[in-house]
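**Student:** Dropping a structure here in structure tokens format, bear with me for questions.
Residue numbers (the numbering used here): 3 to 785.
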């Protein structure tokens, strides 16, 4: 009934808006800047035009351009300049409600003028980072909004890429069999805490949905391995997200209402004279709102979440560019026990729990150009995360006993400084240092079983430092061969652990259609602070305090073949070897499989891991209103624990196949409205799990399911098939647009595995599966 009501409301609104639509054809402005890809400095006198039209202009001395009165639709935009390789941005969508602002980067030709004529081309997957020659892809905001299953969440969109394993109930990112908590989240070049709502509850490293709105994010880079030397403290992948600047000439606003909350965004000039701007986005949602709009909330649950993102930009005439940015979230969750005792089946039915979480990150950036080839960038930032959780158990006599109490607070003060120097068209160097002061205060108590007294598992209060330095050079060996060489080094003062990590890559542009790249790097990552302060049972000693970094060798090969202007094939075989992995002595336990937010045992750096496979991407970019992408991965993910035996990792799914397809239709009297339909299908092998130790489970006081760890992850679930879709209709009117959308997540209702539980009514151990399915109906107005 609720779904039918939603459809009726949408249909009525569409009819009303269609009747009142204006006859005049809406237009919009395309503005932007053109900069040198290596140095970041503006390029004046660049020709910028719309292919197939007579619309064109040139950039001014600041590298800025403006194209006015552009009719609504999609356009191919070309930028050309003497001494630079031309570039074409394809299928840029122009809508009536918001100006289009493009940041175009041109690569300087390495050959002498007149030697070679380069035809304009584009690679939409090319990363923003010019040092990334392999293992990286640009994630565009437009794709995040368009791809089915993305739910306007960049983390869920990344699950469409080759080598990434998707989930339903959480957005944790598992790359090449690595656990989600090994991914590094970055915002504005700073490592930040997990930026997801209800983070680290269902899976360490993931959450329910991202707090970073697509209304404020700019194009970003996603790395699946062998990343450049500037990235430290990461062994799996890096999600390097950027915030865009607000419109510095015109105020624009967005309001959206849907299952995922109420959104309001605004941007505009703070001072047109000085080109300063602001942009912010605020979202709020509660259980009551979800229920009224048709969202499914577990009975007895109460949830509330909100987030805020903002960026202020202040260009100056002589002192450089200053920006102030921030992101924050607040989450509240409460779960009441099942009221009717006769319905109690497992201990979860008798638990009451609550969780309060806060996360914030913000900073001040400063960029200064000494000349046309030298850029100095400094950032002062602070990150903050706090999580308080409580869980009680009610027995059959209605007595309540504390079972778990957790209170963690982490604050990082960060200073980062880097110099980027372009010595010539063939040589660019980036050198930088990052200093992080880490303050921690944590306490975790947990009862060994129901009705028992809680034990202190982890406790710490203090501070430490993480210092990272890096140097990376991009060298043009010839007109067709680029090479990077660099080194990253980091020191953790908590236990004086340090590393020196070489990185290198090379790419050969064999022809106008094909290229080959090879990249290698050594990487390391420190454990989360709670691990260092785990107390050994019986002695209460903190034996993990001397744990070293987890280290990893990455080797990746990339073959890119351009079948046509809008179609490409990418093949990427890789191998990753991890060592010094924290494991438990004489046990199969390894942090490579960690997904719970606590660790309660002493660990040693004697574990290993090995991931190898091949990723394939066949993609047709959006042209003439149609696109598709097929990604496939075949891989093996193994680890060696403290028992000295090689096992499958939890995330060794062996294969993943994604198929995405979408179509746009331009409708209306003047073809100014856009109807879009998108579909994503995913097939991947099942998650691994260990055989159940029935005797140990039945002898446990709480009947907590115990597993046979001598055969760790030797069992595998059946393959997972997921269906996601999205349908939207955008009505463009003069200076305003209305968009109606329906997004379906897990439309076929696949039940995701969440472990095993003991059913007291049936006296059996059974798998615990949840069908997380969401239909998000939303309305957006932009003006």
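Positions of the beta carbon are idealized from the N, C-alpha and C atoms, including for glycine.
Check whether the Cβ atoms of residue 803 and residue 574 sit closer than 7 Å, and answer yes or no.
**Tutor:** Residue 803 lies beyond the residue range present for the chain, which begins at 3 and ends at 785; the question has no answer from this structure.
**Student:** Apart from the five residues just before and just after residue 60, which ones in its own chain have a Cβ nearer than 6 Å to its Cβ?
**Tutor:** 47, 49
**Student:** Going by other Cβ atoms of all chains shown within 10 Å of its Cβ, with 16 needed for buried, is residue 637 buried or exposed?
**Tutor:** buried
**Student:** Whole angstroms are fine: how far does the CA of residue 505 sit from the CA of residue 747?
**Tutor:** 39 Å
**Student:** Excluding the 5 residues preceding and the 5 following residue 495 in the sequence, name in chain order all residues of the same chain whose CB lies nearer than 6 Å to its CB.
**Tutor:** 466, 467
**Student:** By DSSP's criteria, residue 140 is part of a beta bridge. Which residues make up the other side?
**Tutor:** Paired residues: 223.
**Student:** What span of residues does the alpha helix (DSSP H) with residue 533 cover, start to end?
**Tutor:** 531 to 534
**Student:** Under the assumption that residue 639 contacts residue 178 (Cβ atoms under 8 Å), give the Cβ distance between them as a whole number of angstroms.
**Tutor:** 7 Å
**Student:** Alpha carbon to alpha carbon, how far is residue 652 from residue 692? Give it in angstroms, no decimals.
**Tutor:** 9 Å
**Student:** Comparing alpha-carbon positions, which option in 457, 42, 82 lies nearest residue 58?
**Tutor:** Looking at the Cα atoms, 82 is the closest of the given residues.
**Student:** My output table needs one value for residue 605: the three-state DSSP class, helix, strand or coil.
**Tutor:** coil
**Student:** Assuming residue 694 and residue 709 form a contact by the criterion Cβ under 8 Å, report the distance between their Cβ atoms to the nearest whole angstrom.
**Tutor:** 6 Å
**Student:** Between the Cα of residue 79 and the Cα atoms of 71, 97, 104, which residue gives the shortest distance?
**Tutor:** 104
**Student:** Residue 562 by DSSP, collapsed to three states: which one?
**Tutor:** strand
**Student:** Near residue 768, what residues of its chain come up, given a Cβ to Cβ distance below 6 Å and the 5 sequence neighbours on each side ignored?
**Tutor:** 761
**Student:** Tell me whether the beta-carbon of residue 615 lies closer than 7 Å to the beta-carbon of residue 635.
**Tutor:** yes
**Student:** Quick check: the Cα distance between residue 364 and residue 309, rounded to an integer number of angstroms?
**Tutor:** So the alpha carbons of these two residues sit roughly 13 Å apart.
**Student:** Candidates 225, 181, 76: which alpha carbon is nearest residue 133's?
**Tutor:** 225
**Student:** Classify residue 70: buried if its beta carbon has 16 or more other beta carbons within 10 angstroms, exposed otherwise.
**Tutor:** exposed
**Student:** For residue 626, count the other beta carbons within 10 Å of its own beta carbon; 16 or more makes it buried, fewer makes it exposed. Which is it?
**Tutor:** exposed
**Student:** Going by C-alpha distance, which of 305, 402, 514 is nearest residue 570?
**Tutor:** 514
**Student:** For residue 243, report the span of its beta strand (DSSP E) as first-last.
**Tutor:** Here the beta strand (DSSP E) through residue 243 covers 240 to 243.
**Student:** Out of 251, 430, 542, point me to the one whose CA is closest to residue 101's CA.
**Tutor:** Nearest neighbour of residue 101 by Cα position, chosen from 251, 430, 542, turns out to be 251.
**Student:** Just checking my contact of residue 72 with residue 32 at CB under 8 Å: how many whole Å lie between their CB atoms?
**Tutor:** 6 Å
**Student:** Keeping to the same chain, check which residues put their C-beta closer than 6 Å to that of residue 508; ignore five residues upstream and five downstream.
**Tutor:** Scanning its chain for C-beta atoms nearer than 6 Å, with the 5 sequence neighbours on each side dropped, one finds around residue 508 the residues 485, 520, in chain order.
**Student:** Determine, using beta carbons only, whether residue 684 and residue 724 come nearer to each other than 7 Å.
**Tutor:** yes
**Student:** Would you mind sorting residue 274 into buried or exposed? The rule is 16 or more other CB atoms within 10 Å of its CB.
**Tutor:** exposed
**Student:** Any idea if residue 28 is buried or exposed, counting beta-carbon neighbours within 10 angstroms, 16 or more meaning buried?
**Tutor:** Label assigned to residue 28: buried.
**Student:** Under 7 Å between the Cβ atoms of residue 259 and residue 490?
**Tutor:** no
**Student:** With DSSP as the reference, label residue 156 as helix, strand or coil.
**Tutor:** helix
**Student:** Determine the DSSP secondary structure at residue 546, reduced to helix, strand or coil.
**Tutor:** helix
**Student:** Can you tell me whether residue 610 is helix, strand or coil according to DSSP?
**Tutor:** In the structure shown, residue 610 falls within a strand segment according to DSSP collapsed to helix, strand and coil.
**Student:** Assuming residue 197 contacts residue 213 (C-beta within less than 8 Å), just tell me the rounded distance between them.
**Tutor:** 5 Å
**Student:** Name, in chain order, the residues that DSSP records as bridge partners for residue 416.
**Tutor:** 383, 438
**Student:** Apply the 10 Å Cβ neighbour rule to residue 758 and answer buried if 16 or more other Cβ atoms are within range, or exposed otherwise.
**Tutor:** buried
**Student:** Pick helix, strand or coil for residue 101, following the three-state DSSP scheme.
**Tutor:** Collapsing the DSSP output to three states places residue 101 in coil.
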